[in-house]
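**Q** Questions regarding the structure given below will be posed in turn.
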Amino acid sequence: MPSRTGSHSPAGFGKSLPERGLLLLMVLVFLEGSVLPLGAASSPDTSHQTNLGDHQGTHTGPNSTKKPFPVLAVEYDRVQIPFEISLWVLLASLMKLGFHLIPRLSSIVPESCLLIVVGLLVGGLIKLAGEEVPPVLDSRLFFLCLLPPIILDAGYFLPIRPFMENLGTILMFAVVGTLWNAFFIGGVLYGVAQIQPANPSDLHQLELLPCLLFGSIISAVDPVAVLAVFEEIHINELLHILVFGESLLNDAVTVVLYHLFEEYAGVGTVTLLDGVLGVISFFVVALGGVLVGAIYGILAAFTSRFTSHTRVIEPLFVFVYSYMAYLSAEIFHLSGIMALIACGAVMRPYVEANISHKSHTTIKYFLKMWSSVSETLIFIFLGVATVDGPHAWNWTFVTVTVILCLVARVIGVVGLTYVINKFRIVKLTTKDQFIIAYGGLRGAIAFSLGFLLNQDHFPMRKMFLTAIITVIFFTVFVQGMTIKPLVELLAVKKKQEAKRSINEEIHTQFLDHLLTGIEDICGHYGHHHWKDKLNRFNKKYVKKCLIAGERSKEPQLIAFYHKMEMKQAIELVESGGGVKLPSAMPSTVSMQNIQPKKPPPAKPVERVLPQLPKGREEEIRKILRSNLQRTRQRLRSYNRHTLVADPYEDGFSDLLIKKQRMVELEKKIKEMSNYLTVPAAPPDSPTMCRARLASDPQAYSMKPVSDSVPTIQVDLASPQSPDSVNLLDEFRHAGQQQPEVEDQGLMMKPPSGPSGPNKPREADEARDQQKLMRCLSDPGPSADEDEDEPFLP
Amino acid sequence: MGSSSSNMDHIPDAQHLMQETGFSAAHLVRLYERFDFLDKDDRGELRLDDFEAVSELAMNPIGDRIIRAFFSPGRETVDFPSFVRILAHFRPTDTNRTRNGRNGAQPEPANSRTNKLKFAFQLYDQDRDGKISREELLQVLRAMLEMQVTEEQLQSIAERAIQEADLDLDDTISFDEFKKSLEKVDIEHKMSIRFLE
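Order-wise, the sequence lines are chains A and B.
Okay, so the first sequence: first residue is 1 according to our numbering, each after it adds one.
Okay, so the second sequence: first residue is 1 according to our numbering, each after it adds one.
Structure representation (structure tokens):
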């Protein structure tokens, strides 16, 4: 596609969408840049005017001249702050939109880089207009408003199982790795600053403690940057959780080191006692944060138990409790990030068991939305703050910092892996180590921490900020852009896209029990033993407290199964009506007449198939076809966006099972109709058939002998009317070639259907894929997969 | 830990066992100590009630299956080599072992991925016909779900599980289908115990 950027011709109809997107982007950037300074400029004017007006007004005596009533007045300062905030948010969102309209750009350059560039542009524009750049990356704004949504999103959807399994490794990287980085960078910088006695430069003013402080600020891997970049490269779960977990857990270390060095940088020395206190403080900060988060999480879970009558505000509890956890931890200088993670992770399984499906969707979408906007804003602000300065460029300092960051990271990862691999069952390979080292991105947290520094205590603050920004730019641009091709080049294992199947779930639970048993026999109190104990405790006491009603006794497998079926049902509805819809069958067909191909010995009923005269068979075919048409018509008039009423509250599960059986029944009969084996059935009118079928599901009370995958039916026309059972079968008939009939003639062969429920038919593959993509393409990449993770699996 | 050499003398066929299962001497000693502990009557072999004395196993939904897996078909007791051979399945996989490097006559070690899965498969397949029938799957599900679900739900889950896994459509799950359905699960990690020294 030829890029005709910058062509502002008014007749834009000839341009294709991407170019329009680009044009829109530039217009918006200009707009943004111009409005903000305008806003800053006009506010003092208007306030001045109104003051003057009032002043005049109060002085007017009885013989004052009457001013004409102002039809249109401008009063900007009243709405200034919310207006500007909204404008920024709007800019961020439109940028995000714009990037995805330009297809090739988003695949080459990660979003974070583009956003920083936009921030630079906007900042530049503001500066050009001569106005003062608003202090956008003000630490309070950042830590209290921009960071929590991202962390909550990460914590709520944290995949608990891989996280817990690799907790030791993650902690090693987070704690020991960050400490190593901080001291190494700080120490070497100090050393570098002290050399060059010949020409004394600014660097000589640098003390040891400020260096160490700088080291601790710059050494922490940033969760926002890691998330932004790693989300686009889709590497395997293990690496993702290692780097991401490290970025979350190193917050405690950063907090302690930062406060420690900041406190004592003024004094100039750190004694051994302070060091010991620092270590103790670390444990307090980390564990305290987790404890605070867990308490709030349990409170939230407990509250959600009683929300069955006020479903509308359920999501609010999740958000508010989590935010309170964060703020409470921040009061005591505990690790707010860990509090937030703990809160989200603790409350999730219980809250999800209690809330309605719609609330669940709301929570998911709100979290994704907020975290997305936050992330976008953070990167834009980084760009703006860069333009703002203040900067003090020092070649030595900056270059040494960048190099040291890389070197320290590599050495740290390699050294730690060597130690860790002694304790791991599945060792980390060199490729893994490379990705972990390369994925250590720095981000806005480092910048905000640097911004927080007091200029009086730290005369080198400007230099620090410049260096921090350079490192951030380097990691985000260079490492962020090159990590994707490197991952391809090194052939690192990618994330496995397919969802968890029920088999995996069953077998995984089975293996859990097996391993627990083996551990008990060996007398070895390992990983599985404690997990099993925790599970038991959870089931016995905790679930009863925190989950409302019957759901507290629901075993995990059932919950998983329900979730899976529900998800499928919704997918089927959202992807639109099916082309091939098996219809309701004549209800008088009895299951007794069907014989499976290989009757297993345990099967109680032996069935024989009578033969159907040819004319009858035609009639039945006609009925089937007409039913098909009717259901298709009804389907078209239906609004595809309306979901079924809340399933769990309406006993959906029973409905599902009954309907499943009906579909299996139908499927079988439909297959049989091809083999002249449909037993004699007086063809009722379709409506009659449907009514009878729907209203009397108990007619089919024997075990379902289905050979095709059970389909999910969603009651489309209205929530509970049994008359309108419609049976969707998007994917069942994929490539069902008729298998060869055995010469016994009276037997029914199972159709060779697809093995999994998610395989689209070859014929309509593209269309169905598209539809699926549309309904599954939002919100974020990892949303759907994460949900399948059960708590304490 | 006591003098390993004297302990080793108690263990019959120690060298052979070490070679066969891949356990180190220290591991073997520890396992022998455990075997001794379980063997309350000091008979040199374990019986059913010795296993059942392990209290946690009683709470395990598939505890009885695990116990039965130790006993070779037809035998009533478990001697130390059999004990160790079963536990060898749960050793962490040696990643640097090249199976095709050596002569092809070398059998696959007990803790290879395939053999681990085979062990698990045999726990499902109680009648040892090489396939997991629907009834066997239902039994496992019933045991794991501990009667908290209705029969209908059990049926649907078993139904769905078989349909997902059953590729040759014989209504049972063969070992290959079992293996395939677990291809995304990290079995080497999941089915390994770090035997402590």
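From the three backbone atoms N, C-alpha and C, an ideal C-beta is built for every residue, glycine too.
(1) List, in chain order, every chain A residue whose beta-carbon is nearer than 9 Å to that of H10 (chain B).
(2) Would H457 (chain A) be called buried (16 or more neighbouring beta carbons within 10 Å of its own) or exposed?
(3) Does the CB of E164 (chain B) have a neighbour CB from chain A at under 8 Å?
(4) Please list, in chain order, all residues of the same chain as D138 (chain A) whose beta carbon is under 8 Å from its beta carbon, the five residues on each side excluded.
(5) Would K494 (chain A) pass as a contact of N236 (chain A) if the rule is Cβ separation under 8 Å?
(6) Alpha carbon to alpha carbon, what distance is there between Y124 (chain B) and L441 (chain A)?
(7) Kindly identify the DSSP beta-bridge partner or partners of D79 (chain B).
(8) Alpha carbon to alpha carbon, how far is F260 (chain A) from I170 (chain A)?
(9) Looking at chain A, is there any beta carbon in it that lies within less than 8 Å of the beta carbon of I132 (chain B)?
(10) May I ask whether a heavy atom of the ligand FAD can be found less than 7 Å away from the beta carbon of I295 (chain A)?
(11) Under 7 Å between beta-carbons, which chain A residues line up against T182 (chain B)? List them in chain order, please.
(12) Is the distance from the Cβ of A446 (chain A) to the Cβ of I108 (chain A) below 8 Å?
(13) Any C-beta of chain B within less than 7 Å: which residues of the region 512 to 540 of chain A qualify?
(14) In terms of residue numbering, what span does the alpha helix (DSSP H) encompassing R194 (chain B) cover?
(15) Give the residues from the region 340 to 374 of chain A that approach chain B closer than 9 Å (Cβ to any Cβ), ordered along the chain.
(16) Between L227 (chain A) and E56 (chain B), what straight-line distance do the alpha-carbon atoms span, to the nearest angstrom?
(17) In chain order, what residues of the region 408 to 423 of chain A put their CB closer than 7 Å to some CB of chain B?
(18) By the three-class DSSP mapping on this structure, what secondary structure does I160 (chain A) have?
(19) Using beta carbons (cut-off 8 Å, strictly below), is G63 (chain B) in contact with chain A?
(20) Apart from the five residues just before and just after H360 (chain A), which ones in its own chain have a Cβ nearer than 8 Å to its Cβ?
(21) On the premise that I193 (chain B) lies in contact with F90 (chain B), defined as a C-beta separation below 8 Å, what is that separation, rounded to the nearest angstrom?
(22) Considering just the uninterrupted stretch of the alpha helix (DSSP H) at W88 (chain A), what are its terminal residues?
(23) Is it buried or exposed for A795 (chain A), if we count other Cβ within 10 angstroms and need 16 for buried?
(24) Within the same chain, show all residues whose beta-carbon is closer than 8 Å to that of K118 (chain B), passing over the 5 residues directly before and after it, in chain order.
(25) Using a beta-carbon distance below 8 Å, is T98 (chain B) in contact with chain A?
(26) Mind listing the chain A neighbours of R34 (chain B)? Cutoff is C-beta to C-beta under 9 Å, in chain order.
(27) Quick one, which residues of the region 482 to 497 of chain A are near chain B if we go by CB-CB under 9 Å, in chain order?
(28) Going by DSSP, name the residue or residues bridged to K131 (chain B).
(29) Hey, out of B:D129, B:E183, B:L87, whose CA is closest to E20 (chain B)'s CA?
(30) Using a Cβ-Cβ cutoff of 7 Å, what residues of the region 556 to 573 of chain A are near chain B? List them in chain order.
(31) Could you say which of A:A193, A:V346, A:I185, A:A286 lies nearest to N538 (chain A) if we only look at CA atoms?
(32) Helix, strand or coil for K543 (chain A) per DSSP?
(33) Using a Cβ-Cβ cut-off of 8 Å, state whether S24 (chain B) counts as contacting chain A.
(34) Identify the contact partners of A120 (chain B) in chain A, using a Cβ-Cβ distance below 8 Å as the criterion.
(35) Looking at C-alpha atoms only, which residue of A:F473, A:Y438, A:R661, A:V276 is the closest neighbour of F230 (chain A)?
(36) Can you find a CB in chain A that lies within less than 8 Å of the CB of N103 (chain B)?
**A** The short version:
(1) None at all; the shortest Cβ gap to chain A is about 18 Å.
(2) exposed
(3) yes
(4) F451
(5) yes
(6) 47 Å
(7) B:E45
(8) Correcting the residue identity first, residue 260 (chain A) is Leu in this sequence and not Phe. Their backbone Cα atoms lie some 23 Å apart in a straight line.
(9) no
(10) Absence of the ligand FAD from the depicted structure is noted, as is the absence of any ligand whatsoever, leaving it without description.
(11) Reading off the sequence shown, one finds Leu at residue 182 (chain B), where the question assumed Thr. Going along chain A in sequence order, the residues near L182 (chain B) (Cβ under 7 Å) are E504, H507.
(12) no
(13) H513, L514, L515, T516, G517, I518, E519, D520, I521, C522, G523, H524, G526
(14) That residue, R194 (chain B), is in no alpha helix (DSSP H); it is neither H nor E in DSSP.
(15) none
(16) 42 Å
(17) none
(18) helix
(19) yes
(20) E352
(21) 5 Å
(22) 80 to 101
(23) Here chain A covers residues 1 to 793 and nothing more, so residue 795 (chain A) does not appear.
(24) F175
(25) Low confidence applies to T98 (chain B): its pLDDT is 44, below 50, so where it sits in the model is not reliable enough to give any reading.
(26) I521, C522, G523, H524
(27) Q496
(28) B:S174
(29) B:L87
(30) L557, I558, Y561
(31) A:V346
(32) helix
(33) no
(34) H507, F510, L511, L514
(35) A:Y438
(36) Only weak support exists for where N103 (chain B) lies, its pLDDT of 46 falling under 50; the value from the coordinates is given anyway. Answer no: the Cβ-Cβ gap between N103 (chain B) and chain A never drops below 8 Å.
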